[in-house]
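2 protein chains.
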Amino acid sequence: MSKRQIYLESLPHDVALERLLTALDQAGWGPQREVVPTDKALGRITAAPVRARISAPHYNASAVDGIAVKASDTFGATETSPLTLTIGEQAHWVDTGDPLPPGCDAVIMVEHVNLLDDGHHSGARCEILAPVAPWQDVRQIGEDVVATEILLPEGHTIRPQDMGALLAAGILEVPVVRKPVVTFIPTGTEIVEPKADPAPGEIIEFNSRVILSMVSEWGGTPVRGPIVRDDYDLIRRTVREAVAGSDIVIVNAGSSAGSEDYTVHVLKELGQVLAHGVAIRPGKPVMLGLIDGKPFVGLPGYPVSTWLTAELFVKPLVYRFLGQQVPRRPTVRASLARRVTSPMGVTEYVRVKLGRVGERLVATPISRGAAVISSLVRADGLLVVPSGLEGIGEGSEVEVELLRPLSEIQETVVAIGSHDTSLDLMGSFLRRKSGFYLSSAHVGSQGGLLALKRGEAHVAGVHLLDEATGDYNTAYVQKYLGRPALLVLLARREQGFIVPRGNPKNITSFRDLARPDVQYVNRQRGAGTRLLLDYHLKQEGISPAEVQGYRWELFTHLNVAAAVKAGDADAGLGIRSAAQAMDLDFVPVAWEEYELCIPAELEEHPGVQAVLTLLRDPEFLGAVESLGGYDCADSGRIRRV
Amino acid sequence: MSKRQIYLESLPHDVALERLLTALDQAGWGPQREVVPTDKALGRITAAPVRARISAPHYNASAVDGIAVKASDTFGATETSPLTLTIGEQAHWVDTGDPLPPGCDAVIMVEHVNLLDDGHHSGARCEILAPVAPWQDVRQIGEDVVATEILLPEGHTIRPQDMGALLAAGILEVPVVRKPVVTFIPTGTEIVEPKADPAPGEIIEFNSRVILSMVSEWGGTPVRGPIVRDDYDLIRRTVREAVAGSDIVIVNAGSSAGSEDYTVHVLKELGQVLAHGVAIRPGKPVMLGLIDGKPFVGLPGYPVSTWLTAELFVKPLVYRFLGQQVPRRPTVRASLARRVTSPMGVTEYVRVKLGRVGERLVATPISRGAAVISSLVRADGLLVVPSGLEGIGEGSEVEVELLRPLSEIQETVVAIGSHDTSLDLMGSFLRRKSGFYLSSAHVGSQGGLLALKRGEAHVAGVHLLDEATGDYNTAYVQKYLGRPALLVLLARREQGFIVPRGNPKNITSFRDLARPDVQYVNRQRGAGTRLLLDYHLKQEGISPAEVQGYRWELFTHLNVAAAVKAGDADAGLGIRSAAQAMDLDFVPVAWEEYELCIPAELEEHPGVQAVLTLLRDPEFLGAVESLGGYDCADSGRIRRV
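Which chain is which? The protein sequence lines are A and B, in order.
Just so we're aligned: 367 in the UniProt record's numbering is position 367 of the first sequence, and the numbers increase by one with no gaps anywhere.
Just so we're aligned: 425 in the UniProt record's numbering is position 425 of the second sequence, and the numbers increase by one with no gaps anywhere.
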């Protein structure tokens, strides 16, 4: 633990990259040429202008079915004085694509030929009523491509139609830019190959699969090195071998500072450190260097950092080797749903969800944890906060780089609010039955209503118990949304205590939660389940301070169940389906109404209509009930508030 | 020749497609599921919602390097009364990612720990100045993904980050939609495998490569059948075998009507014809049918027709089998440069070039020949003329489907005008040296000036001899463009007679062109070379009617050279580089000035500036001179007119 990582510097990332690219230029690193069969050239980039070997067509070809003639033989033919031609002498039958017989320079379509004798044999006579011009209905040599002309310029990415033109022009091999071989070396003693049952402390290695898949998409040849434990000599040997066989070498540090430390010392011994630490977040501890004139990139271990630094540093290297500009991601302008902050001097990359609600495209920042790979699965776009800003205010218009096609985002129903297991199911059904996508974020019932109010979402899942009346949702919608809305019943669902198998602590009432031997796990403020707990504690006259774990807040029913499953908590309040999913026991407390709140002005939105249709779909409702603890008898019931 | 193809019908293409899809639905044809290793799942489509097998993290992990503690043991620590903890008893060293030791529920960062003894051994003591809350600096089980939660919905295309999340969640295999196997059977006795030296009458088979490359891009598994000659039994046997092993079968008819005829009869015998002939152009003779409940598509033989009908009929089949919507191509709005016409009742697909000149995006229709594969290489977009219209007028705003990224189109310098071999070279150099693309169309010098006038191009290559003054270009620019412009010398170039090796007809003067034994090949009206001929014929008092072939018009120097090379012409007027490229002889006539005309208002356009820079680049000029017949001594000279 004594060797704490000291970063050499904290360069702006573009300066760091330019330093690497300049060093590579000086080392003569760059595009190389190889020749591949045209058949295998799809997606490859031409390394030189490609010239046609032969013309297409490569002979004068009939463009129709008919008789080939010499045009001058037909001059003078008219309707009143037709001209007779003899097959095999002045006229020759040809099909489309046939070469013109010697001496012929035009074709008369069969529709314009009167047969005077039976059949097409040599000697048969036919009659024409009009002359033809030279080269009429003939595809002349080179009509499509002329031999020696440049068919594809240098630096052109070969598409399906290009392959056709190349083969038509007799080109069986093409000079293309060699794909860079990119080797990825995962390091870290705690790192293991993907498995379904890792032991505590084992970290599944998946960064290599993510980054090398990206390398494939960019046009490189991915190579995965073996996992190397934190052993200086072993890392050095592996890097040296990788450099010999690759054009770009990536070392992915384990997540602990120690393994990163090995990497930078290996780089110092084998080559030259050009940058260590860049002013970005996430991804600061990136390392750039040169070994034997080839780029070496040390990527940090947390998956979002790995992904971002690969985007910022590996992608430009792959494109540089291919002689191409890095393609810009499409961008959109959107309104920022919540303020984001960022330290001065650091360029911050914020993952956002995008949703079109009404006329506005809204960008909602999502979890910033660099360790959370699922945040990249859920992200629709990337917002860059420049290093000169300390943040961007709520409601600002921002430019967002798209990580998902805008067309999909436009067809997405945005659900923000309380978590319910059936929402995930709804996503799949909605996609299959209506083509719409569902994006759902779990911020609790109250958070959902506030998101509706701000125009960030189409629907919000809510289950808020009104202590005064025992009624669900109505009063809260009036209070937090304050506009006409629909409340549509998704399902009645059963709340209760999620407890380990066999309920070892014998928890049967809210009173039990206050026992000193009971560790409780709670939901966050604003969650309907939290309100339910508070309501019952108040009823029973229990102070929150008496409940051990009252302040331990998790964001979903499943997270609560997972904490119970792990033995970290003895009980948590949640829905039966979460207990059932985790194979835990469940002590019922109450049935409640889980409704979707939809602002009235969004009722006619086609995606909202698709949701309403789904809430009356027996197949969907059957699937919900099979999750356990759901009653769908009245699903789809609409109340207007 | 007796069996002329009679089309059964001429259905609107959407009606024909819907007929096929309905029949396939009834036959139960559609998505099937298979399970693949997650490692191989990139780009595949989930066939069911994918649930996490394990949580990520799957244990409570330290988020920092430090000491793991039980939070309640730290309560009461302050700066004034620090708390001492003993390693191995109340405190345990952990690295980032390590599991919390039993009994611990929080981590204190190493930066906040004062070491009281030397070293990290068990029994060493350390001091803390503040308490920690439970779960502080701990990545709790399920922070990223909770076991059993839906990670990816059904119908989701797996991206690199999704692979990471799947592996993190212990998912080693994924249920995905099976890719449809698409077999392509080329037919036609005249069809041969790609070769560099086909004999006259041999047609190189490349449609299979184009269409199957597209099938790959759409997500299908391409299978290429052997080329089948026009033999009914052989075609029937091949189709029957293909149907047994495929999900979609394509038969590509030879270009003659006969082979198409075989195909429809085979389809009638083995299955059911659903449509034969659709109201589109090109591509009318498409065939749709069903054999053993699987789709059969007969694609016409001309490459542009093949491509278009594959887009319209095969693409929707592949996506239907994958359970996906056909992605819409991005579109742009552009101003139509020239009127296009189309018969009523037929949907016409017009390939267009796009160029941004000034503020306007202009769409210029290109050659409609269905046999011209290079037109698909050159096309930037597709304009659809609906069946209810007879055409679309010049200057109309139209919607164009993009075949090339808009960003590339925006970075394209559009050159329309006289053909010169060095322009092709310029395209490659421009791309490499400045990143700009060059799009060049050959319509002759006068046509180029008119294109500039209409705002369709940035530059026009011109070499127009003023008979009165012997000066080049100036008077014409004033007459046809009528606005201030720059004339920039690309090169002086040598014009002369392109003749076969050894000049067998001994052509040495314009007078020789009028000899009865000489077949001439001309350039089109408006071409500078045509004007040069007319000037000299007039000087010599020769009437055009005396020149055999005066009305035979080709569009480029290379096409003229190709006609001479083929023996179809004895001479043509053209530039030395064309003769040299085709290994022909050349009889010099004159040096002329080939200039680029650039409207003055476009001078500051960055792409135009890149062209001007290139015209003073020794490497480029050297490459031009090596083409033969160019003098670049004054290249880059600018005249303002």
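Just so it is clear, CB atoms sit at the ideal spot from N, CA and C, and this is done for glycine as well.
* Please list the residues of the region 317-338 of chain B that have a C-beta atom closer than 7 Å to any C-beta atom in chain A, keeping them in chain order. => Within the region 317-338 of chain B, the qualifying residues are Gln325 and Arg328.
* In terms of residues, what are the limits of the beta strand (DSSP E) holding Trp591 of chain A? -> As a position in the first sequence, residue 591 of chain A is number 591, starting the count at 1. Segment Asp585 to Pro599, the beta strand (DSSP E) holding Trp591 of chain A.
* Pull out every residue of the region 98-130 of chain B whose Cβ sits closer than 7 Å to any Cβ of chain A, in chain order. => The residues in question are Asp98, Pro99, Val110 and His120.
* Cβ pair count under 8 Å reaching 3, the region 429-448 of chain A against the region 524-539 of chain A -> Cβ pair count under 8 Å is three or more, so yes.
* Asked: Going along chain A in order, which residues have a C-beta closer than 9 Å to the C-beta of Leu299 of chain B?
  -> In the second sequence, residue 299 of chain B corresponds to position 299, counting from 1. Neighbours of Leu299 of chain B on chain A: none; closest Cβ ~13 Å, over 9 Å.
* **Within chain D, partners of Arg139 of chain B - CB distance below 7 Å** => Of the protein chains in the structure, A and B, none is chain D.
* To do: Out of A:Gly283, A:Arg237 and A:Arg139, point me to the one whose CA is closest to Pro226 of chain A's CA.
  => Looking up residue 226 of chain A in the first sequence gives position 226. Comparing Cα positions, the closest option is A:Arg237.
* To do: Taking Val177 of chain B and Ala47 of chain B to be in contact with their CB atoms under 8 Å, please state how far apart those CB atoms are, rounded to whole angstroms.
  => Numbered from its first residue, the second sequence carries residue 177 of chain B at position 177. Numbered from its first residue, the second sequence carries residue 47 of chain B at position 47. Contact between Val177 of chain B and Ala47 of chain B holds, since their C-beta atoms are separated by about 5 Å, short of 8 Å.
* Taking one C-beta from the region 593-600 of chain B and one from the region 479-492 of chain B each time, how about it: are there three or more such pairs within less than 8 Å? -> Three or more beta-carbon pairs drawn from the region 593-600 of chain B and the region 479-492 of chain B are found closer than 8 Å, and the two stretches are therefore classed as touching.
* Going along chain A, which residues have a C-beta under 9 Å from Ala242 of chain B? -> Residue mapping note: residue 242 of chain B aligns to position 242 of the second sequence, counting from 1. Under the 9 Å cutoff, chain A gives no residues; its nearest Cβ is about 20 Å from Ala242 of chain B.
* Asked: What is the DSSP secondary structure of Gln539 of chain B, counted as helix, strand or coil?
  -> As a position in the second sequence, residue 539 of chain B is number 539, starting the count at 1. Of the three classes helix, strand and coil, the one that applies to Gln539 of chain B here is helix, per DSSP.
* Using 8 Å as the limit for Cβ to Cβ distance, is Val146 of chain B near chain A? -> Translated into positions along the second sequence, residue 146 of chain B becomes position 146. Chain A, which has a Cβ nearer than 8 Å to the Cβ of Val146 of chain B, makes this yes.
* To do: Just the C-alpha distance for residue 647 of chain A and Lys284 of chain A, rounded to the nearest angstrom, thanks.
  => Residue 647 of chain A lies beyond the range of chain A shown here (1 to 641); nothing can be said about it.
* Can you pull the DSSP bridge partners for Ile416 of chain B? -> Within the second sequence, the letter at position 416 stands for residue 416 of chain B. Paired residues: B:Ala441.
* Would the beta-carbon of Val462 of chain B be found less than 7 Å away from any heavy atom of the ligand ZN? -> By its list of ligands, the structure shown contains no ligand whatsoever, and the ligand ZN lies outside what it can speak to.
* Would a C-beta distance cut-off of 8 Å place Leu274 of chain B and Gly289 of chain B closer than the cut-off? -> Taking the second sequence and counting its residues from 1, the one referred to as residue 274 of chain B is at position 274. Taking the second sequence and counting its residues from 1, the one referred to as residue 289 of chain B is at position 289. Cβ distance < 8 Å, so Leu274 of chain B and Gly289 of chain B count as in contact.
* Asked: What three-state label does DSSP hand Val64 of chain B in the structure shown?
  -> Locating residue 64 of chain B in the second sequence gives position 64, where the first residue counts as 1. DSSP places Val64 of chain B in coil when its eight states are reduced to three.
* By a C-beta neighbour count over all protein chains shown, 10 Å radius and 16 as the cutoff for buried, is Arg4 of chain B buried or exposed? -> Sequence index remark: in the second sequence, residue 4 of chain B carries index 4 (1-based). Because the pLDDT at Arg4 of chain B is just 41, under 50, the model does not fix this residue reliably, and the value given afterwards should be weighed accordingly. The C-beta of Arg4 of chain B has fewer than 16 other C-beta atoms within 10 Å across all chains shown, which makes the residue exposed.
* Asked: When you compare only the Cα positions, how much space is there between Ser2 of chain B and His276 of chain B?
  -> Indexing the second sequence from 1 puts residue 2 of chain B at position 2. Indexing the second sequence from 1 puts residue 276 of chain B at position 276. In this predicted model, Ser2 of chain B has a pLDDT of only 34, less than 50, meaning its place in the structure is not dependable; the value taken from the coordinates is given anyway. The straight-line gap from Cα to Cα measures roughly 20 Å.
* Is it the case that the Cβ atoms of Ile253 of chain B and Val346 of chain B are separated by a distance below 8 Å? -> Against the second sequence, residue 253 of chain B aligns to sequence position 253. Against the second sequence, residue 346 of chain B aligns to sequence position 346. It is Ala, not Ile, that sits at residue 253 of chain B in the sequence shown. When the beta-carbon positions are compared, Ala253 of chain B and Val346 of chain B stay at least 8 Å from each other.
* Closer than 6 Å by C-beta to Arg44 of chain A: which residues in its own chain qualify, once you throw out the five before and the five after it? Chain order, please. => Here residue 44 of chain A refers to the residue found at position 44 when the first sequence is read from its first residue. If we look at Arg44 of chain A and ignore the five residues flanking it on each side, its Cβ neighbours are Ile158 and Val176.
* To do: Would you mind telling me which residues of chain B sit closer than 9 Å to residue 668 of chain A, beta carbon to beta carbon, in chain order?
  => Because chain A in this structure spans residues 1 to 641, residue 668 of chain A falls outside the shown range and cannot be described.
* To do: Run down chain A in chain order and give the residues with a C-beta less than 7 Å from the C-beta of Pro303 of chain B.
  => To locate residue 303 of chain B, count along the second sequence from 1; it is residue 303. Within chain A, the residues near Pro303 of chain B are Gly164.
* From Ile87 of chain A to Ser122 of chain A, what does the alpha carbon distance come to, in whole angstroms? -> Start at 1 with the first residue of the first sequence, and residue 87 of chain A comes out as number 87. Start at 1 with the first residue of the first sequence, and residue 122 of chain A comes out as number 122. Approximately 5 Å between the Cα atoms of the pair.
* Start and end of the alpha helix (DSSP H) containing His112 of chain A? -> As a first step, residue 112 of chain A is located in the first sequence; it is residue number 112 there, counting from the start. Element bounds for His112 of chain A: n/a, residue is neither H nor E.
* Please compile the residues from chain A whose C-beta is within a distance smaller than 8 Å of the C-beta of Ser55 of chain B. => Mapped onto the second sequence, residue 55 of chain B falls at position 55. Chain A residues near Ser55 of chain B: Ala562.
* May I ask you to report which of helix, strand or coil DSSP gives Arg523 of chain A? => For the purposes of this step, residue 523 of chain A is identified with residue 523 of the first sequence, where counting begins at 1. Here Arg523 of chain A sits in strand by DSSP.
* Would you list, in chain order, the members of the region 428-447 of chain A that have their beta-carbon closer than 7 Å to a beta-carbon of chain B? => Per Cβ criterion, the list reads Ser428, Arg431, Arg432 and Gly435.
* Alpha carbon to alpha carbon, how far is Val377 of chain B from Trp93 of chain A? -> For the purposes of this step, residue 377 of chain B is taken as residue 377 along the second sequence, with counting starting at 1. For the purposes of this step, residue 93 of chain A is taken as residue 93 along the first sequence, with counting starting at 1. Linking Val377 of chain B to Trp93 of chain A through their CA atoms gives a straight-line distance of about 33 Å.
* Using 10 angstroms around the beta-carbon of Phe184 of chain A, count the other beta-carbons present and answer buried if the total reaches 16, otherwise exposed. => Taking the first sequence and counting its residues from 1, one reaches residue 184 of chain A at position 184. Phe184 of chain A comes out buried.
* Measure the beta-carbon distance from Val138 of chain B to Ala106 of chain B and round it to whole angstroms, keeping in mind my assumption that it falls under 8 Å. => The residue given as residue 138 of chain B occupies position 138 in the second sequence. The residue given as residue 106 of chain B occupies position 106 in the second sequence. By a beta-carbon distance limit of 8 Å, Val138 of chain B contacts Ala106 of chain B. Their separation comes to about 6 Å.
* Asked: Exposed or buried, which one is Lys353 of chain B when buried takes at least 16 other CB atoms within 10 Å?
  -> The sequence position of residue 353 of chain B within the second sequence is 353, counting from 1. Per the 10 Å Cβ criterion, buried.
* Asked: Looking only at its own chain, which residues have a Cβ that is under 6 Å from the Cβ of Arg51 of chain A, when we skip the five neighbours before and after it?
  -> What you label residue 51 of chain A is simply residue 51 of the first sequence in a count that begins at 1. Spatial neighbours of Arg51 of chain A in its own chain (CB-CB distance under 6 Å, excluding positions within 5 residues in sequence) are listed in chain order as Thr148 and Ile150.
* Determine whether the Cβ of Gln410 of chain A lies closer than 8 Å to any Cβ atom of chain B. => Taking the first sequence and counting its residues from 1, one reaches residue 410 of chain A at position 410. Judged by the 8 Å Cβ criterion, Gln410 of chain A is not in contact with chain B.
* To do: For chain A, find out if any of its Cβ atoms is closer than 8 Å to the Cβ of Thr556 of chain B; answer yes or no.
  => Your numbering for residue 556 of chain B matches position 556 in the second sequence. Yes, Thr556 of chain B lies at the interface with chain A (some Cβ there is under 8 Å from its Cβ).
* **Same chain, Cβ closer than 6 Å to Pro330 of chain B, five either side skipped, listed in chain order** => Here residue 330 of chain B is taken as the residue at index 330 of the second sequence, counted from 1. If we look at Pro330 of chain B and ignore the five residues flanking it on each side, its Cβ neighbours are Leu402.
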